[in-house]
Structures are given as C-alpha cells and as structure tokens.
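Asker:
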Amino acid sequence: MSGHGEAQPMKARKSGPLRGVAEVPGDKSISHRSLIFGAMAVGETRISGLLEGQDVLDTAKAMRAFGATVTRHGEGAWTVNGVGVGGFREPADVIDCGNSGTGVRLIMGTMATTPITATFTGDASLRKRPMGRVTDPLALFGAQAYGRQGGRLPMTLVGAANPVPVRYALPVASAQVKSAVLLAGLNAPGETVVIEREPTRDHSERMLLGFGAKLSVEKTSEGHVITLTGQPELRPQVVAVPRDPSSAAFPVCAALIVEGSDILVPGVSQNLTRNGLYLTLVEMGAEIEFQNPREEGGEPVADLRVRFSGNMKGIEVPPERAPSMIDEYPVLSVVAAFATGKTVMRGVKELRVKESDRIDAMARGLEACGVRIEEDEDTLIVHGMGPGGVPGGATCATHIDHRIAMSFLVCGLAAKQPVSVDDASPIATSFPVFEGLMQGLGAMIQRSNRA
Numbered sequence: 000m001s002g003h004g005e006a007q008p009m010k011a012r013k014s015g016p017l018r019g020v021a022e023v024p025g026d027k028s029i030s031h032r033s034l035i036f037g038a039m040a041v042g043e044t045r046i047s048g049l050l051e052g053q054d055v056l057d058t059a060k061a062m063r064a065f066g067a068t069v070t071r072h073g074e075g076a077w078t079v080n081g082v083g084v085g086g087f088r089e090p091a092d093v094i095d096c097g098n099s100g101t102g103v104r105l106i107m108g109t110m111a112t113t114p115i116t117a118t119f120t121g122d123a124s125l126r127k128r129p130m131g132r133v134t135d136p137l138a139l140f141g142a143q144a145y146g147r148q149g150g151r152l153p154m155t156l157v158g159a160a161n162p163v164p165v166r167y168a169l170p171v172a173s174a175q176v177k178s179a180v181l182l183a184g185l186n187a188p189g190e191t192v193v194i195e196r197e198p199t200r201d202h203s204e205r206m207l208l209g210f211g212a213k214l215s216v217e218k219t220s221e222g223h224v225i226t227l228t229g230q231p232e233l234r235p236q237v238v239a240v241p242r243d244p245s246s247a248a249f250p251v252c253a254a255l256i257v258e259g260s261d262i263l264v265p266g267v268s269q270n271l272t273r274n275g276l277y278l279t280l281v282e283m284g285a286e287i288e289f290q291n292p293r294e295e296g297g298e299p300v301a302d303l304r305v306r307f308s309g310n311m312k313g314i315e316v317p318p319e320r321a322p323s324m325i326d327e328y329p330v331l332s333v334v335a336a337f338a339t340g341k342t343v344m345r346g347v348k349e350l351r352v353k354e355s356d357r358i359d360a361m362a363r364g365l366e367a368c369g370v371r372i373e374e375d376e377d378t379l380i381v382h383g384m385g386p387g388g389v390p391g392g393a394t395c396a397t398h399i400d401h402r403i404a405m406s407f408l409v410c411g412l413a414a415k416q417p418v419s420v421d422d423a424s425p426i427a428t429s430f431p432v433f434e435g436l437m438q439g440l441g442a443m444i445q446r447s448n449r450a
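Now the structure itself:
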C-alpha cells in the first residue's frame with residue numbers, strides 16, 4: 000500500500016526581482032489522458048512534453064498493469080502501444096495511484112465496462128478522498144465497487160460484463176467525474192450522455208475526438224450535453240502536451256508579488272476551461288501580456304510576460320468561474336493577501352475534498368502569516384495587506400498537498416519574514432522541477448532539516 004515518505008521541510012524568504020524564462024512542465028491533465036487514451040488505441044501513440052511527475056508516472060505504471068506497452072524514450076518523450084477499447088487485461092497486483100485523484104478516477108472509468116477486477120489504493124491523502132462521486136455513475140453501467148466506509152480507497156472495482164449506456168447529469172462540476180463516465184461509455188454499446196450545468200475542463204472531449212471517437216457537444220437549457228457513441232476503434236495519435244497552466248500559476252503569481260520581477264513563461268495552455276486564474280489576475284490589475292497566441296497539440300497556447308504588479312486590488316471572483324480555476328484558488332489566495340482590499344472567493348466547496356481541505360489549509364496558514372481570513376463551507380475571503388504587507392514568519396502545514404506547499408513558498412518570497420512549509424515532498428507529484436526552476440529565476444527557496 001502506498002505511503003508517504005520522509006517529510007522534506009522547505010523555506011522561502013524575501014527575494015530580489017525574479018527574472019528569466021520559466022519553462023514549466025507539461026500539462027498534468029493532458030499527460031494523464033495521453034497515456035490512458037494511448038492505451039485504448041490500437042497501435043503506437045507518440046507523446047512529447049509529457050509531465051514526468053509522480054502522479055503521471057503512476058498512471059503510466061497502471062497502463063502497463065492493464066496490458067499496454069508504455070515506454071520512455073527520453074525527457075518527456077514516450078510511446079504507448081495500446082490494447083484497444085475493452086482490451087484491458089486483469090492486473091496481477093493492486094493499482095497504486097499515489098497522490099492522484101485524476102489518475103485513479105479516470106482509470107476506474109476506463110476499466111468499469113470491461114469484465115475484469117482491479118483493486119486501487121493510494122497514499123494517505125488519496126485514501127481520504129471520496130470515490131463515490133465516480134463509482135455511483137459507474138454502477139449505472141453495471142460496475143460494482145467495494146471500498147472502505149464512505150466510498151474510500153482501498154477499493155476493488157468489478158467491471159461490468161454486459162455494460163449498458165448511461166445518461167448522467169453531473170451533480171457537481173467535476174472534469175474527473177465527467178471523464179470517468181465518458182471513458183466507461185467507450186466500451187458500452189449505444190450512446191452515453193453526460194450533462195454538465197457548468198462547463199469543466201474539456202481535455203477528454205478534445206482528445207476523444209482526436210483519437211477518432213464519435214462525440215458531440217450541444218449547449219441546451221439543461222447545460223452542456225455531451226454525447227459519445229460507444230465501442231469505437233481509437234486511432235493512435237501524435238500528442239504534443241502543452242505546458243501546464245496550473246503549474247505556471249506559481250512562477251506567474253510569484254512574479255506578480257515580488258517587487259521588480261519580470262519573467263517569461265512560454266507555451267502555456269490557454270484552454271478556456273482552464274484559464275480562470277489568469278482572467279481573475281488581470282481583473283485584479285496584474286500586468287500579464289499574452290504573447291504569440293497559437294495552437295499546439297490541439298490546444299490554444301500563449302507565452303506569458305509577467306511583471307511585478309504593485310497596484311492589484313481585491314475583487315469578488317465570479318462563482319461560475321470556479322470550475323476553470325479550481326486548482327488555482329490556493330495560490331490566488333496568496334496573491335490576494337498582497338493586493339489591496341478584500342478578495343472574495345465563493346462557490347469553492349470543491350476545495351474541501353481535494354488532496355486536502357484546501358480552504359482550511361490556506362486559511363490557517365495565511366492566518367499564521369498575519370493575514371485576516373473569513374471562511375464558510377463554500378467561501379474563502381482574504382483581506383489584502385498590500386504589496387510587501389504580509390508579516391510571514393510562520394511554518395505552514397501542507398497536509399501532503401503539493402499546491403498548498405507551493406502556494407506558501409510563493410508567499411514567503413514576498414513576505415516580511417520567511418515562510419516555511421513542514422513538507423515540500425508532495426511537490427514532486429505535479430511539478431518535480433519547481434525548486435530548481437524557481438531558484439533559477441532568483442527565488443530564495445531552500446530545503447532545511449528544520450523548517
């Protein structure tokens with residue numbers, strides 16, 4: 000069973016101007032899907048720019064366990080020789096998805112309509128996260144799930160021997176649930192329909208079309224209605240993974256709050272279902288230029304020129320924007336602390352069931368750094384202290400959550416006193432080069448035996 004290794008404390012202190020080019024890793028969402036769709040295609044899929052964080056490496060290992068041939072050829076360069084839709088074999092051992100909610104939920108969907116059995120586990124953080132939101136719709140196809148109380152890992156999933164197509168309206172805005180249902184629908188006869196009231200990241204729909212599935216998206220009074228025709232033969236593809244906007248958020252936000260900074264972050268995905276943070280930052284007064292807009296690998300991308308922005312104002316973030324920036328609220332709350340006025344984030348209760356309760360984790364850490372916070376189940380409000388106004392000086396708990404760790408390290412780069420995190424090791428799950436990349440820009444971040 001997956002565990003969590005030795006804690007790695009890390010400290011960030013007030014830094015001089017950040018300068019240079021920040022080449023962030025490939026998009027995590029697209030990296031997961033590249034491996035999974037490649038495993039369901041017939042033939043060889045070639046992938047460049049794959050994120051080689053632990054979450055994605057765990058998905059690669061899982062695809063091998065289900066029978067695909069997955070090979071690394073060099074940095075970011077991988078091939079997948081797939082087994083076809085419905086061709087997964089029964090794995091010989093437990094599938095350990097580490098820290099990855101995306102990985103486990105998408106893989107469950109992929110195998111749910113194949114008559115095989117698999118047992119899934121993960122690290123301590125993943126074992127706390129609810130899986131019922133995925134296993135409930137998968138049961139409609141005929142799959143059966145047996146897990147711990149509350150629908151938590153470890154969990155055994157028995158795939159449907161005679162799957163039926165499903166029409167499912169998402170009760171919460173979740174790209175993971177939507178994708179799991181669509182992946183299950185691939186091996187069900189007829190048409191599987193997913194209805195989402197609010198649009199979530201659409202990488203699965205884009206990639207399904209690219210791999211040759213028959214899929215349509217219609218906007219109706221119900222919301223976005225996605226219809227997938229089951230049992231296609233997926234064609235192998237050449238996938239160029241764009242750079243991850245969620246990872247880019249950390250050097251971008253650091254440059255905005257560290258005085259004198261001027262950095263370039265090239266080739267960042269500008270998918271409209273992922274760019275909520277950047278819209279919000281611009282509305283706050285951030286100096287971000289979106290240069291050289293283009294398309295790479297079927298995704299819109301741009302180069303981001305980011306400068307220190309000492310005139311940022313707090314705003315009320317539209318709650319309907321939450322699905323397009325759900326992973327970025329932690330680092331946005333740090334930027335809000337260095338803005339002037341109040342930043343109100345509503346409609347964010349999904350943050351409470353991520354790798355940690357991210358509302359609570361950010362609230363307690365920012366309070367320890369001297370920032371006034373208000374919160375309820377679905378809301379986080381940050382009272383900004385202006386440029387350089389955050390006292391800092393705290394050691395913040397990361398709760399085995401990579402985004403919490405990186406957010407507080409960004410905070411420390413502009414706070415009056417250093418900010419430490421109790422454990423930075425989870426950062427490797429999504430952004431393994433974070434420390435070196437930030438240091439290369441001039442960030443004062445260092446590991447320590449005692450934070």
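When you line the sequence shown up against numbering that gives the first Met the number 0, it's residues 0 to 450, in that order.
Glycine residues also receive a C-beta, built at the ideal position from the N, C-alpha and C atoms.
1. Candidates Gly-184, Val-418, Pro-198: which alpha carbon is nearest Ala-172's?
2. For Met-361, I'd like the list of residues in its chain whose CB is within less than 6 Å of its CB, leaving aside the five on either flank, ordered along the chain.
3. Express the C-alpha separation of Arg-363 and Val-165 in angstroms, rounding to a whole number.
4. Applying the criterion that 16 or more other CB atoms from any shown protein chain within 10 Å of the CB defines a buried residue, is Leu-451 buried or exposed?
5. Helix, strand or coil for Pro-339, going by three-state DSSP, please let me know.
6. Exposed or buried, Ala-321, counting other C-beta atoms within 10 Å across all chains shown (16 or more means buried)?
7. Which partner residues does Ile-225 have in the DSSP bridge list?
8. Going by CA-CA distance only, name the one from Ala-285, Gly-383, Glu-295, Leu-255 that's closest to Pro-265.
9. As a quick exercise: from Gly-48, Ala-38, Ser-28, Val-432, pick the residue whose alpha carbon is nearest that of Val-238.
10. Per the DSSP calculation, Glu-374 is bridged to which residue(s)?
11. Residues in the same chain with beta-carbon distance under 7 Å from Leu-17, minus the five sequence neighbours each way, listed in chain order, please.
12. If I measure Cβ to Cβ from Ala-301 and keep anything under 7 Å in the same chain, skipping five residues before and after, which residues do I get?
13. Please classify Ala-11: is it buried, with 16 or more other beta-carbons within 10 angstroms of its beta-carbon, or exposed?
14. Val-103 and Ala-38 - do their beta-carbons sit closer together than 9 Å?
15. What span of residues does the alpha helix (DSSP H) with Gln-7 cover, start to end?
16. Could you tell me whether the stretch 425 to 434 touches the stretch 392 to 406, where touching means 3 or more Cβ pairs closer than 8 Å?
17. Taking only three categories from DSSP, how would you classify Val-432?
18. What three-state label does DSSP hand Met-130 in the structure shown?
19. So Thr-118 is in the beta strand (DSSP E); what residue range does that whole segment cover?
20. In angstroms with no decimal places, state the Cα-to-Cα distance between Ala-6 and Ala-187.
21. Given Val-305, which residues of its chain have a CB within under 6 Å of its CB, disregarding the five upstream and five downstream residues?
22. For Ile-35, which three-state DSSP category applies?
23. So what's Ala-144 in DSSP terms, helix, strand or just coil?
24. Report the three-state DSSP secondary structure of Asp-26 (helix, strand or coil).
25. Could you check what DSSP says for Ala-450 in three-state terms: helix, strand or coil?
26. State the Cα-Cα distance for the pair Gly-97 and Lys-353, rounded to the nearest angstrom.
27. So, for Gly-340: in the same chain, excluding its five sequence neighbours on each side, which residues have a beta-carbon less than 6 Å away from its beta-carbon?
28. At what residues does the alpha helix (DSSP H) containing Gln-175 begin and finish?
29. What is the DSSP secondary structure of Lys-312, reduced to helix, strand or coil?
Answerer: Looking at the coordinates:
1. Residue mapping note: residue 172 aligns to position 173 of the sequence shown, counting from 1. For Ala-172, the nearest C-alpha among the options comes from Pro-198.
2. In the sequence shown, residue 361 corresponds to position 362, counting from 1. Excluding sequence neighbours, Met-361 sits near Pro-329, Ser-332.
3. Along the sequence shown, one-based indexing puts residue 165 at 166. Along the sequence shown, one-based indexing puts residue 363 at 364. Roughly 42 Å between the two C-alpha positions.
4. Past the boundaries of the shown model lies residue 451; the chain is included only from 0 to 450, so the question cannot be answered.
5. Mapped onto the sequence shown, residue 339 falls at position 340. The residue you asked about is not Pro; residue 339 is Thr in the sequence shown. Thr-339: strand per DSSP, three-state reduction.
6. As a working note, residue 321 is residue 322 in the sequence shown. Burial call: buried.
7. Within the sequence shown, numbered from 1, the residue matching residue 225 stands at position 226. Val-193, Val-216.
8. Mapped onto the sequence shown, residue 265 falls at position 266. Answer by Cα proximity: Glu-295.
9. Here the question's residue 238 lines up with position 239 in the sequence shown. For the residues Gly-48, Ala-38, Ser-28, Val-432, the minimum Cα distance to Val-238 belongs to Gly-48.
10. For this step, residue 374 is matched to residue 375 along the sequence shown. According to DSSP, Glu-374 bridges with Leu-379.
11. Position 18 of the sequence shown, counted from the start, is the residue given in the question as residue 17. Same-chain partners within the cutoff: Ala-253, Ala-254, Val-257, Ser-260, Ile-262, Leu-440, Gly-441, Ala-442.
12. Looking up residue 301 in the sequence shown gives position 302. Only Val-267, Gln-269, Phe-289, Gln-290, Asn-291, Pro-292 meet the Cβ criterion.
13. Working through the sequence shown from its first residue, we reach residue 11 at position 12. Counting Cβ neighbours within 10 Å, Ala-11 comes out buried, since at least 16 surround it.
14. Your numbering for residue 38 matches position 39 in the sequence shown. Your numbering for residue 103 matches position 104 in the sequence shown. No, the pair does not count as a contact, with Cβ atoms beyond the cut-off.
15. The residue labelled residue 7 in the question sits at position 8 within the sequence shown. Element bounds for Gln-7: n/a, residue is neither H nor E.
16. yes
17. Working through the sequence shown from its first residue, we reach residue 432 at position 433. DSSP places Val-432 in coil when its eight states are reduced to three.
18. Within the sequence shown, numbered from 1, the residue matching residue 130 stands at position 131. If DSSP states are grouped into helix, strand and coil, Met-130 belongs with coil.
19. Translated into the one-based positions of the sequence shown, residue 118 becomes position 119. Counting along the chain, the beta strand (DSSP E) containing Thr-118 begins and ends at 116 to 120.
20. Taking the first residue of the sequence shown as position 1, residue 6 is located at position 7. Taking the first residue of the sequence shown as position 1, residue 187 is located at position 188. Taking the straight line from one Cα to the other gives about 44 Å.
21. Position 306 of the sequence shown, counting from 1, holds the residue named residue 305. These residues qualify, in order along the chain: Val-251, Ala-254, Ile-262, Ile-287.
22. Numbered from 1 along the sequence shown, position 36 holds the residue referred to as residue 35. Looking at Ile-35 - three-state DSSP - the assignment turns out to be helix.
23. Numbered from its first residue, the sequence shown carries residue 144 at position 145. Residue state, collapsed to three classes: strand.
24. Reading the sequence shown from its first residue, position 27 is the one you call residue 26. Note: Asp-26 maps to coil in three-state DSSP.
25. Walking along the sequence shown from the start, residue 450 turns up at place 451. Annotation note: pLDDT 38 at Ala-450 (below 50); position unreliable, no value reported.
26. Position 98 of the sequence shown, counting from 1, holds the residue named residue 97. Position 354 of the sequence shown, counting from 1, holds the residue named residue 353. Each residue's Cα considered, the two are about 14 Å apart.
27. What you label residue 340 is simply residue 341 of the sequence shown in a count that begins at 1. Result list for Gly-340: Lys-312, Gly-313, Gly-383, in chain order.
28. Here residue 175 is taken as the residue at index 176 of the sequence shown, counted from 1. Gln-175 -> alpha helix (DSSP H) spans 174 to 184.
29. Working through the sequence shown from its first residue, we reach residue 312 at position 313. Strand at Lys-312.
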